[in-house]
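As they're listed, the protein sequences go chains A and B. With the first letter of the first sequence counted as 1, position 83 gets the number 687 in our numbering; the numbers rise by one all the way through. With the first letter of the second sequence counted as 1, position 62 gets the number 219 in our numbering; the numbers rise by one all the way through. Heads up, the thing below is written out as structure tokens.
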Amino acid sequence: EAQVTQNPRYLITVTGKKLTVTCSQNMNHEYMSWYRQDPGLGLRQIYYSMNVEVTDKGDVPEGYKVSRKEKRNFPLILESPSPNQTSLYFCASSSRIATSGGTDTQYFGPGTRLTVL
Amino acid sequence: GQQLNQSPQSMFIQEGEDVSMNCTSSSIFNTWLWYKQDPGEGPVLLIALYKAGELTSNGRLTAQFGITRKDSFLNISASIPSDVGIYFCAGQLYGGSYIPTFGRGTSLIVHP
């Protein structure tokens, strides 16, 4: 089954304690990205990756890091979490090819709800 | 970063009513996408539009790619309780990062 998995699904932590949220996809997709979702703000992109070892900042990258050492995995790292990073996080992946008739659909993971105290 | 203007922000309707929502942008897109997010889940693609003026249906859902390429509309006919959720539009421009720009969502509540 084609899917994007995230772990953990729920996390409560304290300010300053480093954490990593894992993301893995089994569709051999080249593109992966991280979003955060906050009430009234929709989905905002944090970082994206166009391929292995190729990452770039999205709209709200401050306080986050990512790595793409393997095609299937794209972990999100919070080196020193702060309360304003309390949010719902989604990982997504899509195939690279985007044509006028193709579906460059992003497949989303189930989400990770993070609370930073 | 750019965000799309999606309206309305929320809708409270009776079962059986039709629903309309739209997204507008200050810049053009090559693709418009409509997603639905159920509570506790990630967004799921409903309809993808690739050409200006295109009208596409998926069951009771119909979406249109605006002729100016700066807007899109989603209609849901004869709503049912399972239509409850948050609907997001997203615009995508080829030649860039291929990553969509999302609207802020329309929250739909359907009363039985």
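From the three backbone atoms N, C-alpha and C, an ideal C-beta is built for every residue, glycine too.
Neighbourhood of residue i by C-beta distance below 6 Å, restricted to the same chain and skipping five residues each side
i      : result
A209/B : F222, I224 and R226
S699/A : H633
S264/B : S167 and I243
N655/A : E634
F169/B : I266
M636/A : S653, F678 and S697
Residue i, DSSP secondary structure in three states
i      : result
D240/B : helix
N688/A : helix
L623/A : strand
P175/B : Sequence inspection shows Asp at residue 175/B; the Pro mentioned does not correspond to that position. Note: D175/B maps to coil in three-state DSSP.
F230/B : strand
R648/A : strand
H633/A : coil
D195/B : coil
K661/A : strand
Y114/B : Lying before the first or after the last residue shown, residue 114/B is absent from chain B, which here runs from 158 to 269.
M668/A : A quick correction: the sequence has Tyr, not Met, at residue 668/A. Coil, per DSSP.
A606/A : coil
T258/B : strand
I681/A : strand
Q166/B : coil
R640/A : strand
Option nearest residue i by Cα separation, candidates the options
i      : options                           : result
S671/A : T659/A, P665/A and V664/A         : T659/A
S236/B : L203/B, L218/B, F186/B and T258/B : L218/B
Y652/A : P643/A, D663/A and P714/A         : D663/A
E605/A : T619/A, G620/A, Q629/A and N611/A : Q629/A
I650/A : F694/A, K673/A and M631/A         : F694/A
P257/B : K669/A, V625/A, Y639/A and G667/A : Y639/A
D228/B : P165/B, S164/B, N179/B and D175/B : N179/B
L615/A : Y711/A, F712/A, S691/A and E683/A : S691/A
Outcome for residue i when other beta-carbon atoms lying within 10 angstroms are tallied against a minimum of 16
i      : result
T188/B : buried
R613/A : exposed
G644/A : exposed
N688/A : exposed
L190/B : buried
V608/A : buried
T716/A : buried
S214/B : exposed
G199/B : buried
L212/B : exposed
G646/A : buried
G216/B : exposed
V201/B : exposed
Neighbourhood of residue i by C-beta, 8 Å cutoff - its chain only, sequence neighbours within 5 removed
i      : result
T617/A : L623, P685, L718, T719, V720 and L721
G705/A : Here G705/A scores only 46 on pLDDT, less than 50, and its place in the model should not be relied on; the value that follows carries that caveat. Cβ neighbours of G705/A beyond the five flanking positions: none.
Y207/B : N187, T188 and F222
A247/B : L161, W189, L190, W191, Y192, P257, T258, F259 and G260
Q249/B : F186, N187, T188, W189, L190, Y255, I256, P257 and T258
Contact set for residue i: own chain, Cβ-Cβ below 7 Å, skip 5 residues either direction
i      : result
K621/A : P685
P238/B : E172, V267 and P269
V241/B : L265, I266 and V267
Original post:
At a Cβ cut of 9 Å, what residues of the stretch 194–228 of chain B count as close to chain A, listed as they run along the chain?
Top reply: Q194, G197, E198, G199, P200, V201, L202, A205, Y207 and K208
**OP:** Note down, in chain order, all residues in the stretch 639–661 of chain A with a beta-carbon under 9 Å from any beta-carbon belonging to chain B.
**Re:** Y639, Q641, G644, L645, G646, L647, R648, Q649, Y652, M654 and D660
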